[in-house]
Amino acid sequence: MEQIHAHLRGEIGFHEVGYAPVTAAAEAGHALSEAELAEVHRAFERLGEDYRRAALRGENNGFSNMPPADDRPARGTPQIAALAAPASACSRSTRAGT
Numbered sequence: 010m011e012q013i014h015a016h017l018r019g020e021i022g023f024h025e026v027g028y029a030p031v032t033a034a035a036e037a038g039h040a041l042s043e044a045e046l047a048e049v050h051r052a053f054e055r056l057g058e059d060y061r062r063a064a065l066r067g068e069n070n071g072f073s074n075m076p077p078a079d080d081r082p083a084r085g086t087p088q089i090a091a092l093a094a095p096a097s098a099c100s101r102s103t104r105a106g107t
C-alpha cells in the first residue's frame, strides 16, 4: 500500500489518497483472507504513523483515511482506535498551535 501511495501522490500528483479493503463474503473469490486483511491493517497503521509524523512537522502526507478516523474511537469503532489515537493527539496539538 505504501508503494501505491507514493506512486499516486509523488508520481501521479494526487493531493490525497484514501483506501478501503475489499468487502465480500468469505466464500467469494475476491474476498481478502485473514492474512491479507491483517496486512491491510498493518499498512493502514504504517501510513497512519507516517501521517502523524508529517502532521507534527506541519505537513500533510495525503493519507485521507486519517482525518475521518480521528473521531471513530469516540463513536465506538475499535478497529481504528489504535490507528486514530496518534492522529487525534497530533490533531489536538496542531490545532492548539503547539
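If you want my numbering, it's the position in the sequence shown, counting the first as 1, plus 9. We treat Cβ as the ideally placed atom computed from N, Cα and C, and that holds for glycine.
Item: DSSP-derived helix/strand/coil call for F53; Value: helix
Item: Own chain, CB closer than 7 Å to R18, minus 5 neighbours either side, in chain order; Value: V26, G71
Item: When E43, E54, H39, A34 are compared against Y28, the one with the closest alpha-carbon; Value: E54
Item: 7 Å Cβ shell around A44 - same chain, five flanking residues per side excluded; Value: none
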